[in-house]
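Residues 1 to 155 (UniProt numbering) are what the sequence shown spells out, left to right. We put the beta carbon where it would ideally sit given N, CA and C, even for glycine. For reference, the structure is listed below as structure tokens.
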Amino acid sequence: MQVECHSRDKGIALVADQAIPKGEFIVQYAGEVISIGEYKLREKALTGGRHYYGVTINSREVIDARNKGTLARFANHSCAPNAELQKWDVNGETCCGLFARADILREEEITFDGGNVSVAADVAKGLCRSDSVPADRPRAHDINTLEMTTDSPLL
């Protein structure tokens, strides 16, 4: 995988450096594991930050990949994603990973759906590039703060 810089409204993106078949593991989503309270403090202190994902791993902890983490932190939200974030129980530890929802072509951007999204006040600017956005869903390409919470059961 490779990371590319895009236009000002899109930011940085994760791009496939080879074809990835549907169902294939792409990369682990890793970062700093912190308490939900600490995450909320960091989110409040965030000024001018963009494309910020905090992944809830249980009722107490969040993976904060803003300052350090794997390449998965550069995957952008999409209303029509080609990847999905899954949580797995690996030897008693919760791990998160990006998996291909569809075949991904070489040089195609890897995106995922933020799922249960809470956003900063100035979100709904209609910048999502997908034609398949549900009407009740915020469009999330120009979000100052995006908290992605996946509450799917552990596999």
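| query | So what's ARG66 in DSSP terms, helix, strand or just coil? | reply | strand
| task | Take ARG60 and list the residues in its own chain whose beta-carbon comes closer than 8 Å to its own, dropping the five residues that flank it on each side. | result | SER35 and ILE36
| field | Beta-carbon spacing of ALA72, GLN28 below 8 Å | value | yes
| Whose C-beta lies closer than 8 Å to the C-beta of GLY69 among residues of the same chain, with five residues either side of it excluded? | TYR29, ALA30, GLY31, GLU32 and ILE63
| task | Identify every residue that forms a DSSP beta bridge with GLN86. | result | GLY97
| task | Pull up the CB-CB distance for PHE99 and GLU24, whole angstroms please, since I reckon it's below 8 Å. | result | 7 Å
| query | Which residue or residues does DSSP assign as beta-bridge partners of GLU32? | reply | ASP64
| query | Three-state secondary structure (DSSP) at ALA45? | reply | helix
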